[in-house]
Amino acid sequence: MQARSEQTRQALVRATAELIADGRPSDAGLVNICRRAGVSRGALYHHFSSTAALAAAVYEQARHRLETLTEEAFAGPLQNAPERFTLALGEAMRTEKVVRAGMQLAADGSADPPRLRDEVLAAVRERMVATQAEDWAEDLADLTVVLVAGIETLGRTDPAWWTGKASHRLWELLRPLFDHNDPGQCPVGTAPPAPKT
């Protein structure tokens, strides 16, 4: 009996995530969720007090998944962490509807800011500032946030941005900035020409 109850609960979360991921948060109304999950209204209210509480469950699952992706990305060499995170996020956005839906939601299940997307970007920026020794750590962190936000947003209209091809290409251009270790030189690895006297 408990296994069946958990299956129903997960079917409701999955249905809600699919409706939001494939559309927008307002598409996850009571009738649509019940129809997609194949359950009655009573079953929904047995597991969740409201559709907002159900959307909050989607948010929570997505948040947990994104925390795991962040930990994994920053577990290896730090100069490659932003690239690993960008690639992992793109893949999750492409293949995991709970993540794609959760990024659009706030902790209370609404679409009001701050959304999970805002929290993820802030966490990645904080991680970057804390792990970069360079004088321009905040600049590198901001650049990472802009790239991650851009790929996440662009992928919503063209999922090819989430495949990794674009991320790899962009990180090839940016890698010298993150590999550079001498803050006394230009961040692109080449010193500016000396002024002529």
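Residue numbers (this note's numbering): 3 to 199.
Where is the CB? At the ideal position from N, CA and C, for every residue including glycine.
Exposed unless 16 or more other CB atoms sit within 10 angstroms - verdict on residue i
i           : result
residue 84  : buried
residue 181 : exposed
residue 99  : buried
residue 154 : buried
residue 20  : buried
residue 175 : exposed
As assigned by DSSP and simplified to three states, the class of residue i
i           : result
residue 126 : helix
residue 178 : helix
residue 41  : coil
residue 51  : coil
residue 80  : helix
residue 120 : helix
residue 62  : helix
residue 169 : helix
Cβ distance (whole Å) where residue i is taken to contact residue j below 8 Å
i           : j           : result
residue 10  : residue 30  : Not a contact, Cβ separation roughly 17 Å.
residue 118 : residue 105 : 5 Å
Span of the alpha helix (DSSP H) around residue i
i           : result
residue 92  : 83-97
residue 157 : 139-159
residue 7   : 4-23
Quick test of the definition: if touching needs 3 or more C-beta pairs under 8 Å, does the region 48-64 touch the region 134-142? no
Are three or more beta carbon pairs between the region 64-79 and the region 28-47 nearer than 8 Å? no
Inter-stretch contact at 8 Å, needing at least 3 Cβ pairs: the region 159-172 / the region 86-101: yes
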